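Asks:
2 protein chains.
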Amino acid sequence: MKPLKVALLGCGVVGSQVIRLMHEQAGDLAARVGAPLELAGVAVRRLGRKRDVEVDPALLTTDAEALVTRDDVDIVIEVIGGIEPARSLIVSALSRGKSVVTANKALLAADGAALHEAARTGRGDLYFEASVAGAIPLLRPLRESLAGDHVKRVLGIVNGTTNYILDKMDSTGASFTDALEEAQALGYAEADPTADVEGFDAAAKAAILAGLAFHSRVRAEEVHREGITDITATDVASAKAMGYVIKLLAICARSDDGRSFGVRVHPAMIPRSHPLAGVREAYNAVFVEAESAGQLMFYGKGAGGAPTASAVLGDLVAVGRNRLAGTRGPEESTYADLAVHPMGDTVTRCHVALDVADKPGVLARVAELFAKHDVSIQTVRQEGHGDDAQLVIVTHRATDAALTATMEGLRELDIVRAVASVMRVEGDE
Amino acid sequence: MKPLKVALLGCGVVGSQVIRLMHEQAGDLAARVGAPLELAGVAVRRLGRKRDVEVDPALLTTDAEALVTRDDVDIVIEVIGGIEPARSLIVSALSRGKSVVTANKALLAADGAALHEAARTGRGDLYFEASVAGAIPLLRPLRESLAGDHVKRVLGIVNGTTNYILDKMDSTGASFTDALEEAQALGYAEADPTADVEGFDAAAKAAILAGLAFHSRVRAEEVHREGITDITATDVASAKAMGYVIKLLAICARSDDGRSFGVRVHPAMIPRSHPLAGVREAYNAVFVEAESAGQLMFYGKGAGGAPTASAVLGDLVAVGRNRLAGTRGPEESTYADLAVHPMGDTVTRCHVALDVADKPGVLARVAELFAKHDVSIQTVRQEGHGDDAQLVIVTHRATDAALTATMEGLRELDIVRAVASVMRVEGDE
Chain A
230 MKPLKVALLG CGVVGSQVIR LMHEQAGDLA ARVGAPLELA GVAVRRLGRK
280 RDVEVDPALL TTDAEALVTR DDVDIVIEVI GGIEPARSLI VSALSRGKSV
330 VTANKALLAA DGAALHEAAR TGRGDLYFEA SVAGAIPLLR PLRESLAGDH
380 VKRVLGIVNG TTNYILDKMD STGASFTDAL EEAQALGYAE ADPTADVEGF
430 DAAAKAAILA GLAFHSRVRA EEVHREGITD ITATDVASAK AMGYVIKLLA
480 ICARSDDGRS FGVRVHPAMI PRSHPLAGVR EAYNAVFVEA ESAGQLMFYG
530 KGAGGAPTAS AVLGDLVAVG RNRLAGTRGP EESTYADLAV HPMGDTVTRC
580 HVALDVADKP GVLARVAELF AKHDVSIQTV RQEGHGDDAQ LVIVTHRATD
630 AALTATMEGL RELDIVRAVA SVMRVEGDE
Chain B
230 MKPLKVALLG CGVVGSQVIR LMHEQAGDLA ARVGAPLELA GVAVRRLGRK
280 RDVEVDPALL TTDAEALVTR DDVDIVIEVI GGIEPARSLI VSALSRGKSV
330 VTANKALLAA DGAALHEAAR TGRGDLYFEA SVAGAIPLLR PLRESLAGDH
380 VKRVLGIVNG TTNYILDKMD STGASFTDAL EEAQALGYAE ADPTADVEGF
430 DAAAKAAILA GLAFHSRVRA EEVHREGITD ITATDVASAK AMGYVIKLLA
480 ICARSDDGRS FGVRVHPAMI PRSHPLAGVR EAYNAVFVEA ESAGQLMFYG
530 KGAGGAPTAS AVLGDLVAVG RNRLAGTRGP EESTYADLAV HPMGDTVTRC
580 HVALDVADKP GVLARVAELF AKHDVSIQTV RQEGHGDDAQ LVIVTHRATD
630 AALTATMEGL RELDIVRAVA SVMRVEGDE
């Protein structure tokens, strides 16, 4: 049987695992695809570099564009990441009718439309399971298994680095800086951790998830994004004391009228009894709530060479099978074309700690301000006395706009010395 | 666009939800499939019966065979369950080139080969996501997402009825009988609960999971099966005291040399810190351990009309899309053709409680017996005194044959008054 020829772009942590697996499991892969898979070439930045895997030097090239446009190449695997040259290479390959497997969440969230358009024109496949939550089969279930259902909400931990940091802060009482340094020492965080700790990585994944869940097109810039750099050991400890844990969540939720949806990434307090609270270290987990299926959860490793390569190979088998059958997998589905609503319209809850003057009437004035903004209070607790007096308030559900206006009002109240912390509360409605 | 015509076999709890969803989501389904789906007929046992959903009486028929062989029918959905007439109807449909979506685990586990063969001959699709773990997308990830990986083990709670009963026993201290009655009153257990409590239902699902995971053919009768009817409130309480919880597990595990695998369903103690320990009520959850992907978990509702119908509709969209594209989904994959090894070769651990005579030398004689069978002891604890003296032993990993031989030897020891309980321990190696 004529082999399918595969071009690999990138030979780093993921790429070298892809090569190893393609080699070690060549027989199995051939049986599953229906034809052998043959590595046609590997595009790298520098030829001489030491690599984690043995590669025939004749396969290496620095001319990625020439590789992806070769007539004999059937499938292109892109694991270089970033916007360029990845975008041009993928578009080149797709528009020439090749199928593409990519793990590039940043590119998909920035300009997925251009890639999907190129796949449509060239009539090849564009698969990207590895772009969100690494090894966890999540996109295929959303794209296919739930195709007959209506997704209401996707809520998950999709960034392993920040989960590792927050988990350390929670379990050891460490500060953000110390936990970050430990994550860097262990290789869970990069030297420049911005993409992870500021939520950019999670926001790109949230955009991809929301697009699939709601059959609409979502760009990363439409995602409301807040990182975890301002979270203090005190925030973590006070959440713990109340039976909560702080996690960086990606939340995609359809509005009640079904006409729009919100997409956001921010730290939030969730109850310790919530299944996501038990997601430790660098693991990922995603809750999906659908009308008929109810609540589903997917859990596993969200990053790393071998787990990501496993997801890439699953896609490789699928696109290989499709090519042999002369068919294509499901195209991008944007038929619903719903709008992303602004963060202010999102319905959420809030935990607020206020440093207040310890005198009669304080609670009444604070409560009055909440009422003025139509935000109802679920619990209020007074802690300390005199100069240490603090009011800890958890609200009922309200729009983010009303909650924000309430916080602004609190800052202006003369009896409030400081708004010590504000955090959204999720997962217990 | 010409509609795809769908014949539905069965209009009970699941069938009526399928009709409701096909009606309510007709527009969405058409967009996802690429053509409208039209209900061509509904086969029922009796015409006059009251149903949970409104059905055009003209669609109802008692002649299922005539319905599935109608030339204009493209897709057949089978939700009647049981072996016959389901098998004949599905084979009739498949061999005439129609695609079939079924939720029938018993039939797939008893005679899946005949169904897959008919699908191959007729060149239609046979999809069965709803047959295991209801709404949880599990088979598609195993069949497709992990197609480039090697599954080492599948371990899960796949029967909601028994999980509900064991969870009640654990949380309230109820006896098996009382918990079963409560489950029956709430509709979680049937009047004749045999299929659930004796593990037949879980064994059928284990056979399907093992077949997919290890690319081999497995029949239900090859699954080692033990039910939960002998589990007492005392067993549950003593597991609880040791930090364990008892669950009915389905376990499919490849042998260390990769040449065979074991498939078994039996109650087992798992540590309370294990993610499966937190699976409450009638929920299902399945752990999958793969070489590259690492540990994955899937969690959700394992039964019920709407969740099962959601899985059926996901398959319906997939087979509908395939038909329009003139292609087929992945066929049964049995290329590995591994053997199922006997239960005795399975490696596991054991918890044993022995009523013993309270005198010096008892522990030495018991320990000697374990050593004779090459079973090493992890922990031993003595409880009570005099006539109440009990030894509680947890072993290290050993073959089930060695453990069984040890238990038989213990029963014959004069110093052992009774083997009060024996249970396998899983999930903490």
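These protein sequences, in sequence, are chains A and B.
Counted from 1, the first sequence has number 268 at position 39 by our numbering; the numbering is strictly sequential.
Counted from 1, the second sequence has number 308 at position 79 by our numbering; the numbering is strictly sequential.
For every residue, glycine included, the Cβ atom is placed at its ideal position computed from N, Cα and C.
Given the structure is predicted, the values throughout are model-derived calculations rather than measurements.
1. Helix, strand or coil: how does DSSP classify H345/B here?
2. DSSP beta-bridge partners for S521/A?
3. Give every residue of the same chain whose Cβ lies closer than 6 Å to the Cβ of Q524/A, excluding the five residues on either side of it in the sequence, and list them in chain order.
4. Whole angstroms are fine: how far does the CA of R550/B sit from the CA of G534/B?
5. Once the 5 residues before and after I460/A are set aside, which same chain residues still bring their CB inside 8 Å of it?
6. So A436/A and V447/A are in contact, right, with Cβ under 8 Å, and what is the actual spacing, rounded?
7. Per DSSP, what are the beta-bridge partners of M526/B in this structure?
8. Going by beta carbon distance, what residues of the same chain come within less than 7 Å of D281/B, once the five residues before and after it are set aside?
9. Which residue spans inside the stretch 407 to 477 of chain B form an unbroken alpha helix (DSSP H) run of at least 4?
10. Quick one, which residues of the stretch 521 to 539 of chain A are near chain B if we go by CB-CB under 7 Å, in chain order?
11. Apart from the five residues just before and just after K234/B, which ones in its own chain have a Cβ nearer than 7 Å to its Cβ?
12. Could you have a look at A565/A and say whether DSSP puts it in helix, strand or coil?
13. Suppose the cutoff is 8 Å on Cβ atoms and the five residues either side in sequence are ignored; what does the same chain contact list for G573/B look like?
14. So, does the CB of R261/B fall closer than 8 Å to a CB anywhere in chain A?
15. Work out the CA separation of R594/B and H453/B for me, nearest whole Å.
16. Answer yes or no: does any C-beta atom of chain B fall closer than 8 Å to that of D399/A?
17. Does the distance between the C-beta of V247/A and the nearest non-hydrogen atom of the ligand NAP fall short of 7 Å?
18. In whole angstroms, what is the alpha-carbon distance linking D340/A and V330/A?
19. Please specify which runs of the beta strand (DSSP E), each continuous and at least 3 residues long, are wholly inside the stretch 607 to 638 of chain A, giving them in chain order.
20. What residues are listed by DSSP as bridge partners for V651/A?
21. Can you tell me which of A348/B, A565/B, E419/B puts its alpha carbon nearest to the alpha carbon of A260/A?
22. Taking the alpha-carbon positions, what's the D603/B to S374/B distance?
23. What residues match up with F490/A in a beta bridge as DSSP calls it?
24. From the DSSP output, read off the bridge partner residues of V331/B.
25. When the distance is taken between beta carbons, is Y356/B closer than 8 Å to G529/B?
26. Which word fits I312/B, buried or exposed, when buried means at least 16 other C-beta atoms lie within 10 angstroms of its C-beta?
27. Can you check whether the C-beta of L583/A is within less than 8 Å of a C-beta belonging to chain B?
28. Of all the options N392/A, H379/A, P571/A, which has the alpha carbon lying nearest to the alpha carbon of E451/A?
29. My output table needs one value for L642/A: the three-state DSSP class, helix, strand or coil.
30. Excluding the 5 residues preceding and the 5 following A414/A in the sequence, name in chain order all residues of the same chain whose CB lies nearer than 8 Å to its CB.
31. Which stretch, first to last residue, makes up the alpha helix (DSSP H) that contains E253/A?
32. So is K279/B buried or exposed if we call it buried at 16+ other beta carbons inside 10 Å?
33. Quick one: list the residues of chain A neighbouring E597/B, beta-carbon separation under 7 Å, in chain order.
34. Which residue from V581/B, R275/B, Q607/B puts its Cα closest to that of H625/B?
35. Buried or exposed: which applies to D643/A, given that a residue is buried once 16 or more other Cβ atoms fall within 10 Å of its Cβ?
36. Would K601/A be called buried (16 or more neighbouring beta carbons within 10 Å of its own) or exposed?
Replies: In this structure, then:
1. In the second sequence, counting from the first residue as 1, residue 345/B sits at position 116. Correct three-state label for H345/B: helix.
2. To locate residue 521/A, count along the first sequence from 1; it is residue 292. Per DSSP, none; premise fails for S521/A.
3. What you label residue 524/A is simply residue 295 of the first sequence in a count that begins at 1. E518.
4. The residue given as residue 534/B occupies position 305 in the second sequence. The residue given as residue 550/B occupies position 321 in the second sequence. About 24 Å.
5. Looking up residue 460/A in the first sequence gives position 231. Around I460/A: L395, M398, F405, I475, P496.
6. In the first sequence, residue 436/A corresponds to position 207, counting from 1. In the first sequence, residue 447/A corresponds to position 218, counting from 1. Contact holds; Cβ gap of about 4 Å.
7. Start at 1 with the first residue of the second sequence, and residue 526/B comes out as number 297. Looking at the DSSP assignment, M526/B forms a beta bridge with Y528/A, F516/B.
8. On the second sequence, position 52 is the one that residue 281/B refers to. Excluding residues up to 5 positions away in sequence, S245 lie with their Cβ nearer than 7 Å to the Cβ of D281/B in the same chain.
9. Along the stretch 407 to 477 of chain B, the alpha helix (DSSP H) occurs as fully enclosed runs of 4 or more residues at 423 to 426, 429 to 443, 462 to 470, listed in sequence order.
10. S521, A522, G523, Q524, L525, M526, F527, Y528, G529, K530, A535, P536, A538, S539
11. The residue given as residue 234/B occupies position 5 in the second sequence. Result list for K234/B: E267, A269, D301, V302, D303, in chain order.
12. Sequence index remark: in the first sequence, residue 565/A carries index 336 (1-based). A565/A: coil per DSSP, three-state reduction.
13. As a first step, residue 573/B is located in the second sequence; it is residue number 344 there, counting from the start. Closer than 8 Å at Cβ, skipping near neighbours: T628, D629, A630, T633.
14. On the second sequence, residue 261/B is found 32 positions in, with the first residue counted as 1. With respect to chain A, the C-beta atom of R261/B has a partner C-beta closer than 8 Å.
15. Against the second sequence, residue 453/B aligns to sequence position 224. Against the second sequence, residue 594/B aligns to sequence position 365. Counting only the Cα atoms, R594/B lies some 31 Å from H453/B.
16. Taking the first residue of the first sequence as 1, we reach residue 399/A at position 170. Taking 8 Å as the CB threshold, D399/A stays off the interface with chain B.
17. With respect to the ligand NAP, the structure offers nothing, as it holds no ligand at all.
18. Walking along the first sequence from the start, residue 340/A turns up at place 111. Walking along the first sequence from the start, residue 330/A turns up at place 101. In a straight line, the C-alpha of D340/A is about 16 Å away from that of V330/A.
19. Annotation note: the stretch 607 to 638 of chain A contains the following uninterrupted beta strand (DSSP E) runs of length 3 or greater, listed N- to C-terminal: 619 to 624.
20. Taking the first residue of the first sequence as position 1, residue 651/A is located at position 422. DSSP output for V651/A lists V581/A as bridge partner(s).
21. Here residue 260/A refers to the residue found at position 31 of the first sequence. Cα-wise, what sits closest to A260/A is A565/B.
22. By one-based count along the second sequence, residue 603/B stands at place 374. By one-based count along the second sequence, residue 374/B stands at place 145. Answer to the nearest angstrom: the Cα atoms are 40 Å apart.
23. On the first sequence, residue 490/A is found 261 positions in, with the first residue counted as 1. Answer is R483/A, V569/A, bridged to F490/A.
24. If you number the second sequence from 1, residue 331/B lands on position 102. As written in the sequence, residue 331/B is Thr, which differs from the Val given in the question. Looking at the DSSP assignment, T331/B forms a beta bridge with E307/B.
25. What you label residue 529/B is simply residue 300 of the second sequence in a count that begins at 1. What you label residue 356/B is simply residue 127 of the second sequence in a count that begins at 1. The answer is no: Cβ separation not under 8 Å.
26. What you label residue 312/B is simply residue 83 of the second sequence in a count that begins at 1. With fewer than 16 Cβ atoms within 10 Å of its Cβ, I312/B is classed as exposed.
27. Taking the first residue of the first sequence as 1, we reach residue 583/A at position 354. No, because no Cβ of chain B sits closer than 8 Å to the Cβ of L583/A.
28. The count along the first sequence starts at 1 and reaches residue 451/A at position 222. Residue P571/A holds the alpha-carbon nearest to the alpha-carbon of E451/A among N392/A, H379/A, P571/A.
29. Translated into the one-based positions of the first sequence, residue 642/A becomes position 413. Residue state, collapsed to three classes: coil.
30. Within the first sequence, numbered from 1, the residue matching residue 414/A stands at position 185. Excluding sequence neighbours, A414/A sits near nothing in its chain.
31. Against the first sequence, residue 253/A aligns to sequence position 24. Run containing E253/A: 242 to 253, per the alpha helix (DSSP H) assignment.
32. In the second sequence, the residue the question calls residue 279/B occupies position 50. K279/B sits exposed, since fewer than 16 C-beta atoms from the chains shown fall within 10 Å of its C-beta.
33. Within the second sequence, numbered from 1, the residue matching residue 597/B stands at position 368. Near E597/B there are no residues of chain A at all, since even the closest Cβ is about 41 Å away, more than 7 Å.
34. Indexing the second sequence from 1 puts residue 625/B at position 396. Taking H625/B as reference, the option from V581/B, R275/B, Q607/B with the minimal CA-CA separation is Q607/B.
35. Locating residue 643/A in the first sequence gives position 414, counting from the first residue. Exposed, since its Cβ has fewer than 16 Cβ neighbours within 10 Å.
36. Counting from 1 along the first sequence, the entry for residue 601/A is found at position 372. By the neighbour-count rule (16 or more Cβ atoms within 10 Å), K601/A is not buried but exposed.
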